[in-house]
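Below is one structure; the comments refer to it alone.
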Amino acid sequence: MSVLHPDTTTSASTAISASTSALARPPSPRHPAPLPTRSVADVRAALLARVEIALLDVREEAAYAEAHPLWAANLAASRLELDAWGRLPRRDVPLVIYDNGEGVAAASARKLQSLGYTDVALLDGGLAAWRDAGLELFRDVNVPSKAFGELVEARRHTPSLSAEEVNARRSLGGNLVLLDARRFDEYRTMSLPGSISVPGGELVRRARDLAPDPATTIVVHCAGRTRSLIGAQSLIDAGVPNPVVALRNGTIGWTLAGLTLAQGQGRSHEDVPLGELDAAREGAAALARRAHVQRIDSRVLADWLADPRRSTYRFDVRGATEYARGHRPGFRHAPGGQLVQETDHHVPVRGARIVLSDDDGVRAPMAAAWLAQMGWEVAVLPPDPASHTETGPDLPPQPLSPTVATITPAELARWRGEDADREHPETVVVDVAPSITYVVRHIPGAWWSPRARLAEALRDVIPPSRRVVLTGNLGVLPRFVAADLAAELAAEGRELLVLEGGTTAWYDAGFPIESANPRLAFPRDDRYRRPYEGTHHPRAAMQAYLDWEYGLVAQLERDGTHFFRPIEG
228 MSVLHPDTTT
238 SASTAISAST
248 SALARPPSPR
258 HPAPLPTRSV
268 ADVRAALLAR
278 VEIALLDVRE
288 EAAYAEAHPL
298 WAANLAASRL
308 ELDAWGRLPR
318 RDVPLVIYDN
328 GEGVAAASAR
338 KLQSLGYTDV
348 ALLDGGLAAW
358 RDAGLELFRD
368 VNVPSKAFGE
378 LVEARRHTPS
388 LSAEEVNARR
398 SLGGNLVLLD
408 ARRFDEYRTM
418 SLPGSISVPG
428 GELVRRARDL
438 APDPATTIVV
448 HCAGRTRSLI
458 GAQSLIDAGV
468 PNPVVALRNG
478 TIGWTLAGLT
488 LAQGQGRSHE
498 DVPLGELDAA
508 REGAAALARR
518 AHVQRIDSRV
528 LADWLADPRR
538 STYRFDVRGA
548 TEYARGHRPG
558 FRHAPGGQLV
568 QETDHHVPVR
578 GARIVLSDDD
588 GVRAPMAAAW
598 LAQMGWEVAV
608 LPPDPASHTE
618 TGPDLPPQPL
628 SPTVATITPA
638 ELARWRGEDA
648 DREHPETVVV
658 DVAPSITYVV
668 RHIPGAWWSP
678 RARLAEALRD
688 VIPPSRRVVL
698 TGNLGVLPRF
708 VAADLAAELA
718 AEGRELLVLE
728 GGTTAWYDAG
738 FPIESANPRL
748 AFPRDDRYRR
758 PYEGTHHPRA
768 AMQAYLDWEY
778 GLVAQLERDG
788 THFFRPIEG
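When we follow this note's numbering, the leftmost residue of the sequence shown carries the number 228, and every step to the right adds one.
Here it is as structure tokens:
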């Protein structure tokens with residue numbers, strides 16, 4: 228059984244050498260070199276050895292959420308060019324790609340090779356091989372963090388109150404404050420009446436400002452369980468003097484209790500002036516020490532970044548506005564609470580290093596303490612606002628868009644006007660954005676198709692036309708899609724173009740958009756709808772989700788690759 232180890236002469240280094248040689252002598256496009264494979268045993272051995280490896284599920288998110296290994300990250304084939312460089316910073320890290328027979332794994336592996344990754348292999352037998360080996364499969368998304376939250380509650384006995392208990396105390400005028408630990412947009416969609424939006428990474432920093440009376444009970448909630456539990460335990464471990472509890476089962480529990488949620492609330496921690504941070508800073512630093520978080524300086528960081536054998540992720544864990552105002556060069560934006568909640572998304576390379584930055588000495592140590600307990604090698608940099616020389620929003624690195632034929636919104640509007648009197652229109656518009664983006668707003672009459680099935684859609688579903696115009700939210704993804712299909716359509720005598728600036732440019736030019744009358748070439752399977760987001764979920768689905776979460780600790784023990792080590796109380 229070989230282990231993918233980056234600094235020995237085992238299979239990873241052999242694969243890198245072979246891949247480099249192959250790049251030097253590229254195979255004929257008609258006869259590409261066979262893709263290497265890695266067995267299930269190889270991947271499991273790497274996870275147990277805690278060396279760097281990225282196990283990548285390239286199916287759409289809905290399929291991924293049905294079943295996947297614990298440490299598999301979803302990197303959908305439809306967005307490889309947009310996401311790979313930002314999420315997989317080291318180009319020679321071992322990548323193992325799989326699907327479940329959908330036929331997208333091999334093409335995705337070759338796409339990753341074209342993006343510069345040199346150690347790319349297929350999981351031999353795909354997802355079925357993992358199942359056939361008797362290994363554990365998990366459903367839903369962000370599973371490592373959710374399973375960790377359940378383990379924390381089991382080990383630390385995080386205090387909680389039921390929805391009925393919290394509601395009774397509110398009704399009687401009890402001295403308590405409700406803090407919603409989710410993103411602000413999630414809070415706005417639905418939350419407990421009277422709650423305040425305090426994303427998880429801000430809780431320790433802001434709790435004393437929002438509950439200045441130490442006798443006030445702080446109730447932390449999210450939609451389900453994880454962020455409630457981690458948020459409440461964060462306040463307890465950081466020494467906040469108030470009584471602290473989690474709302475048991477979050478807004479799901481509130482709904483199942485027959486209570487009504489509020490929609491459109493706008494109370495935020497930012498509405499309250501920031502107070503003295505010394506106590507929060509001391510509590511965060513003490514917790515980080517207990518979790519064995521490293522403290523490094525810029526010189527050590529430079530050495531880590533220069534190490535060709537290791538991946539080093541860098542994140543600024545403050546809010547988006549603060550990040551845009553100024554941050555350390557090269558640091559991506561990941562608010563601390565969401566980073567802990569979505570480790571599989573932000574850090575798909577298991578065994579990588581993580582370095583965190585803030586400007587107050589509270590948020591980075593708190594996030595780092597949780598990541599360290601999840602088994603990551605994590606370090607924090609001392610606050611240094613003078614180093615925040617890079618400004619603007621977080622923009623992931625991406626390859627240059629390919630050169631393709633384009634059309635302006637005005638030209639497309641003219642062609643569509645000419646088609647109005649034709650029985651068989653000459654131009655069809657196809658939107659390849661995420662389906663949720665398409666449903667929210669799209670060009671009237673535009674079709675939607677997932678990228679992986681676009682050729683099938685044009686052949687079998689969408690009415691034939693002489694021209695096909697691809698669009699998306701900003702028009703970036705359609706360029707990569709067009710580069711894949713232009714030759715095929717040209718051979719059929721059809722013209723393929725990309726709308727310049729996408730649907731956003733169409734709208735900005737004053738042309739109409741709609742959210743009604745969607746034309747779906749296929750069912751919307753590109754995104755998994757969580758049973759804890761939005762409104763109007765069936766009660767059975769919400770209860771089933773809670774039951775699944777309750778079983779995660781047992782699944783962790785059966786899986787055996789997690790290395791979670793919650794600190795002792």
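By construction, the Cβ of each residue, glycine as well, lies at the ideal position given by its N, Cα and C atoms.
- Tell me, please, whether the segment 618-625 touches the segment 526-542 by the rule of three or more beta-carbon pairs shorter than 8 Å. Not touching, per the Cβ criterion.
- Query: Going by the beta-carbon positions, is the gap between Leu-724 and Thr-635 smaller than 8 Å?
  - Reply: Not closer than 8 Å, so no.
- Query: Going by C-alpha distance, which of Asp-530, Asp-646 and Arg-494 is nearest Asp-412?
  - Reply: When the alpha-carbon of Asp-412 is set against those of Asp-530, Asp-646 and Arg-494, the nearest one is in Arg-494.
- Message: Using DSSP's beta-bridge definition, name the partner residues of His-669.
- Response: Answer is Glu-741.
- With a 10 Å radius around its C-beta and 16 neighbouring C-beta atoms as the bar for buried, classify Leu-275 as buried or exposed. Burial is judged here by how many other beta carbons sit within 10 angstroms of a residue's own beta carbon; Leu-275 has fewer than 16 and is exposed.
- Message: I'd like to know whether the C-beta of Leu-462 is nearer than 8 Å to at least one C-beta of chain C.
- Response: The chain labelled as chain C is not found in the depicted structure, where only one protein chain is given.
- Message: Taking the straight line between their C-alpha atoms, what separation do you get for Asp-319 and Glu-279?
- Response: Their Cα atoms are separated by approximately 10 Å.
- Query: Looking only at its own chain, which residues have a Cβ that is under 6 Å from the Cβ of Asp-786, when we skip the five neighbours before and after it?
  - Reply: Counting only Cβ-Cβ distances below 6 Å, and skipping sequence neighbours, we find Leu-297 and Glu-363.
- Message: At the level of alpha carbons, what is the spacing between Glu-287 and Thr-264?
- Response: Spanning the alpha carbons of Glu-287 and Thr-264 requires a straight line of approximately 22 Å.
- Message: Please state whether the Cβ-Cβ distance between Pro-730 and Val-696 is less than 8 Å.
- Response: The sequence as given places Thr at residue 730; Pro does not occur at that position. Between Thr-730 and Val-696, the gap from beta carbon to beta carbon reaches 8 Å or more.
- Please report how far the alpha carbon of Trp-675 lies from the alpha carbon of Asp-658, in whole angstroms. In a straight line, the C-alpha of Trp-675 is about 5 Å away from that of Asp-658.
- Just curious, the beta strand (DSSP E) that Arg-580 is in, first and last residue? Per DSSP, Arg-580 is one residue of the beta strand (DSSP E) stretching across 580-584.
- Do you know how far the Cα of Pro-758 is from the Cα of Arg-415? If you take the alpha carbons of Arg-415 and Pro-758, they lie about 17 Å apart.
- Message: With three or more C-beta pairs closer than 8 Å as the rule, is the segment 589-607 touching the segment 439-450?
- Response: By the Cβ rule, the segment 439-450 does not count as touching the segment 589-607, because fewer than three pairs are nearer than 8 Å.
- Is it right to say Asp-359 is buried, meaning 16 or more other beta carbons lie within 10 angstroms of its own, or is it exposed? With fewer than 16 other beta carbons inside 10 angstroms of its own, Asp-359 counts as exposed.
- Take the Cβ of Ser-525 as the centre, count every other Cβ of all protein chains shown within 10 Å, and call the residue buried at 16 or more, exposed below. Per the 10 Å Cβ criterion, exposed.
- Hey, Ala-547 and Val-431: beta-carbon distance below 8 Å or not? Taking 8 Å as the Cβ cut-off, Ala-547 and Val-431 do not qualify as a contacting pair.
- Nearest-angstrom Cα separation, counted from Asp-326 out to Gly-778: The alpha-carbon atoms of Gly-778 and Asp-326 are separated by roughly 25 Å.
- Query: Assuming Glu-741 contacts Pro-661 under a Cβ cut-off of 8 Å, what Cβ separation, rounded to an integer in Å, is found between them?
  - Reply: That pair is no contact at about 17 Å.
- Excluding sequence positions up to five away, which residues of its chain have a Cβ less than 7 Å from the Cβ of Ala-594? Listed in chain order, the non-local C-beta contacts of Ala-594 below 7 Å within the same chain comprise Gly-428, Val-544, Gly-563, Leu-566, Val-567 and Leu-583, local neighbours out to five positions each way being set aside.
- Message: Can you tell me whether Thr-237 is helix, strand or coil according to DSSP?
- Response: Note that Thr-237 scores a pLDDT of 35, beneath 50, so its modelled location is shaky and nothing firm can be said.
- Can you give the Cα-Cα distance for Leu-231 and Phe-365, rounded to whole angstroms? The predicted position of Leu-231 is uncertain, since its pLDDT is 40 and thus under 50; no value can be drawn from it.
- Item | Among Pro-321, Pro-441 and Lys-373, nearest to Pro-470 - alpha-carbon criterion | Per the C-alpha coordinates, the member of Pro-321, Pro-441 and Lys-373 positioned closest to Pro-470 is Pro-441.
- Item | Collapsed DSSP secondary structure at Gln-492 in the structure displayed | For Gln-492, the secondary structure class from DSSP, reduced to helix, strand or coil, is coil.
- Task: Within 10 angstroms of the Cβ of Pro-321, are there 16 or more other Cβ atoms? Answer buried if so, exposed if not.
- Result: Under this definition Pro-321 is a buried residue.
- Hey, how far is the Cα of Arg-559 from the Cα of Asn-744? Each residue's Cα considered, the two are about 38 Å apart.
- Rounded separation between Glu-722 and Ala-709 - CA only: Separation of Glu-722 and Ala-709 (C-alpha to C-alpha, rounded to the nearest whole angstrom) is 10 Å.
- Message: Is the beta carbon of Asp-752 closer than 8 Å to that of Ala-311?
- Response: No; because the gap between Cβ atoms is not below 8 Å, this pair is not in contact.
- Message: Considering only their Cβ atoms, is the gap separating Leu-405 from Val-467 smaller than 8 Å?
- Response: No.
- Task: Identify the continuous alpha helix (DSSP H) that holds Phe-707 and give its terminal residues.
- Result: Run containing Phe-707: 704-718, per the alpha helix (DSSP H) assignment.
- Item | Collapsed DSSP secondary structure at Gly-674 in the structure displayed | Looking at the sequence itself, residue 674 is Trp, so the reference to Gly does not match. For Trp-674, the secondary structure class from DSSP, reduced to helix, strand or coil, is strand.
- Task: Mind reading off the beta-carbon distance from Ala-511 to Pro-592? Whole number of angstroms is fine, and I expect it under 8 Å.
- Result: Going by Cβ atoms, the distance from Ala-511 to Pro-592 rounds to 4 Å, so yes, they are a contact pair.
- Task: With a threshold of 16 other CB atoms inside 10 Å of the CB of Ser-398, please say whether the residue is buried or exposed.
- Result: So Ser-398 ends up on the exposed side.
- Query: Arg-526 by DSSP, collapsed to three states: which one?
  - Reply: In the structure shown, Arg-526 falls within a helical segment according to DSSP collapsed to helix, strand and coil.
- Use the C-beta contact count for Gln-490: other C-beta atoms within 10 angstroms, 16 or more gives buried, fewer gives exposed. Result: exposed.
- Item | Candidates Arg-590, Phe-749 and Arg-680, of which the one nearest Ile-509 by Cα | Reading the sequence as shown, one finds Glu at residue 509 and not Ile. In terms of Cα proximity to Glu-509, the closest of Arg-590, Phe-749 and Arg-680 is Arg-590.
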